[in-house]
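Protein chains in written order, with the numbering used here: chain A, 1 to 296; chain B, 297 to 861.
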């Protein structure tokens, strides 16, 4: 099945490895990702002011483009998919807002001169894996099971919250990444910081905040025996990976790599190394994978 | 020809400020059938009622209309007043020109007055066609059924039984006591809950008027107030009782701990709820925590765990936690004097005689550390339970490495509440507790006549409040039992047998199960005692064979005609 796909800015620039690995994984699983013919930045933050129609214009445009794509698609997909947690959050919440506020929808349609009807379903790629493919089917496709690898799923905030609008998983005790890790043959490691905030955009303005937060998160994952962290968010990935250069563990070579779940999947599905995108990490995941392969 | 009198009430300025009451009286005086019309300042006052009575006698009135407030307000008053002067109460009608006229048309006297005249005209047409009627009487079984053998149910049973009436007390567990049997102590006086409870249980078991059925469930309730037939199944052995009144005292259930995943509920053994901690405090061989049997030194209590949380938990306040938490903290300190208790709270709701003093003592005399703020997360770390929270008064984030965490979870409706509500035809509210007939003025009655409410089945309550409500419910039962027989309003549905085709359409639509098809004659028959004159059957009947006394189709059409007279 093919899904209209909204990559978003980060996956086209800083997080190309997320995009590349995801497309490869999707193709291997028969879940073709078809990039929207036309798209722009989602705005990267959901407007929290009571009336901020201006900030809703960008996500509404994307939803409209998705609506067009769904109409043209020759397949029966009902969902548009995306990968970045931030894009996902913005689109899903905008969609929810427009659905419950037809007046706002009218106003934006009037401004954009497009006719978004308000009913496009946004699915995170993880949801396609869970709901459309299924964990068992995924496990059957695994050619290089990650047996023995202790993986700490890190969810962050935007993939799960606010629950009434996002509704992807239990916001306090999520399992979707745990289940994925298990399907790949690895061992999910539970750690208390797995839904704590990484510091997000403060990395631009006050980098010491995400540095402090991410050091706590990584330290907790390490204490609980994790060898690698997986995430679904480019900003989480950056905030967990990069500040490790400042830590004792970072200096002594005891760092923990932070991978996108799609990278881990690419390894487990036996896809070619050029799809893994390991070059762009601060903490190099290569030795871990090498050790895994050597162990087999 | 009718001799109808119309009395237009000023209600001070409530009506007269908008409606030209004198004009209403003047115009209606010329309407066919009206022989007397006047206006008066306050019809419901003693002189107003006097005026009504004198006019009935002087003008030999056989029908009366008071144009004033809603009939819900004073219909009974005027019917009673008229009856004293010899007027049949069912030939009295209230014309509502206040709530449905003056109050909603303020500032438009002309049109409001026109509308008031039209309203009165319609009721003149109705009164012309009202039958003289009398209430009818029904037998009354003076035996009460109490469902639930907790503290509320036992109190209600004892009060009714002490007044000399027989009571059947049904309890689904093997013994009486309910949730109170699991408590270690009670707050304020610190009496051991088991001792208090045992006394009550003994009184109930030895009472000659109380028949206790344990391991029993109510499976079927038929009939109506004063005349219920109740089928009880005791260990699968059914028995039927004739019952006059029912008290629902089915209690509460604890909030499922695993719904609090952010607090490790259900996943972390040393995170328990209040009821579990009560049992731990009761234990004969000291206070021991579940995971490894060690005595906990650092105990964190989390108030409002799952309550006041419309998004993830329940929206309501569970009311009792602000008191049972200091009680448990004090009991903990008595067993582990060197230990430390922490309480995270949003605010402290300790309204009640002696309640706030009790909380203050916990802080001052027992060194319980109260921290105002929510807990964000609780998780296990080695042999400790880590609590992340915030102290909003101190303005800092806190981490407590505790040995045990007690979550003050909300009281939930008992798991069989909805099912039992259907059985006895009583309503439940949005949170699943039994609904009272009126939140302020009828708090111990259900919406079904003869079914009363006691204890936490109606909403979160502590022991003294449950006992009070149980006594209130018992008083309502006794009020009913003080009648010689039951009196029922005669304005109920009936069937014109000659034109009933026996299609049964009315039987299905009746929400009160007041109708059935006669097994032999094949026509619809009405159980007048159950009928609440809602009119659903009248609408459903294709032949107009179903009608309501004094609300016949002829009356309604005549009323409609009168609007455009």
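Ideal Cβ positions, reconstructed from N, Cα and C, are used throughout, including at glycine.
Residue 640 of chain B is outside the set of residues whose beta carbon lies under 8 Å from a beta carbon in chain A. When 8 Å is used as the limit between beta carbons, residue 192 of chain A is near these residues of chain B: 673, 675, 677 and 682, in chain order. Runs of the alpha helix (DSSP H) lying entirely within the region 580 to 645 of chain B and spanning at least 4 residues, in chain order: 617 to 631. For residue 163 of chain A, the C-beta contacts it makes with chain B under 8 Å involve 607 and 608, in order along the chain.
The distance from the Cβ of residue 234 of chain A to that of residue 10 of chain A is about 4 Å, consistent with a contact at the 8 Å cut-off.
Listed along the chain, the chain A residues whose CB falls inside 7 Å of the CB of residue 731 of chain B amount to none; the nearest CB is some 27 Å away. When DSSP states are grouped into helix, strand and coil, residue 684 of chain B belongs to the strand group.
Distance from the CA of residue 266 of chain A to the CA of residue 90 of chain A, rounded to the nearest whole angstrom, comes to 27 Å. Counted as a single uninterrupted DSSP element, the alpha helix (DSSP H) harbouring residue 380 of chain B occupies residues 367 to 380. Across the set B:743, B:794, B:715 and B:806, the C-alpha of B:715 shows the shortest separation from the C-alpha of residue 515 of chain B. Taking 7 Å as the upper bound on Cβ-Cβ separation, chain A lies near residues 557 and 558 of the region 552 to 572 of chain B. In this chain, the alpha helix (DSSP H) harbouring residue 835 of chain B covers 832 to 836.
If you look at residue 693 of chain B, you'll find it in the beta strand (DSSP E) that goes 692 to 698.
Residue 394 of chain B and residue 366 of chain B do touch by the CB rule: their CB atoms are close to 7 Å apart, below 8 Å.
Apart from sequence neighbours up to five positions away, the residues of its chain that approach residue 297 of chain B with a beta-carbon distance below 7 Å are 329, ordered along the chain. When the beta-carbon positions are compared, residue 518 of chain B and residue 528 of chain B stay at least 8 Å from each other. Secondary structure of residue 491 of chain B (DSSP, three-state): helix. For residue 548 of chain B, the enclosing beta strand (DSSP E) covers residues 548 to 550.
Apart from the 5 residues on each side of it in sequence, residue 150 of chain A sits with its Cβ closer than 6 Å to the Cβ of 187, 189, 225, 226 and 227 in its chain, given in chain order. Under DSSP, residue 527 of chain B shares a beta bridge with B:516 and B:536. Excluding the 5 residues flanking it on each side, residue 724 of chain B has same chain C-beta neighbours closer than 8 Å at 709, 713, 714, 717, 730 and 731, in chain order. Against chain B, the beta carbon of residue 172 of chain A has neighbours under 7 Å at 557 and 558, listed in chain order. Here residue 851 of chain B is not near residue 789 of chain B, since their CB atoms are 8 Å or more apart. Under the DSSP assignment, residue 709 of chain B falls in the beta strand (DSSP E) whose first and last residues are 707 to 709. Within the same chain, and ignoring the five residues on either side of residue 464 of chain B in sequence, the residues whose Cβ sits closer than 6 Å to its Cβ are 441, 507 and 537. The secondary-structure analysis by DSSP pairs residue 260 of chain A across a beta bridge with A:231.
Its chain contains 160, 161 and 163 as the residues whose beta carbon lies nearer than 6 Å to that of residue 171 of chain A, once the 5 sequence neighbours on both sides are disregarded; these appear in chain order. Counting along the chain, residue 32 of chain A sits inside the beta strand (DSSP E) bounded by residues 32 to 35. Short of 7 Å from the beta carbon of residue 809 of chain B, and not among the five residues preceding or following it, lie these beta carbons of its own chain, in chain order: 826.
The criterion of a C-beta distance shorter than 8 Å is satisfied by residue 320 of chain B and residue 416 of chain B.
Here the region 298 to 306 of chain B makes contact with the region 333 to 342 of chain B; the two share three or more CB pairs at distances below 8 Å.
DSSP lists B:784 as the bridge partner or partners of residue 432 of chain B. For residue 352 of chain B, the enclosing alpha helix (DSSP H) covers residues 342 to 354. The beta carbon of residue 355 of chain B sits closer than 8 Å to the beta carbons of 299, 301, 331 and 332 from its chain, once the five residues preceding and following it are set aside; these are given in chain order.
As the crow flies, the alpha-carbon of residue 522 of chain B is around 14 Å from that of residue 462 of chain B. Residue 288 of chain A and residue 276 of chain A have their C-alpha atoms roughly 13 Å apart.
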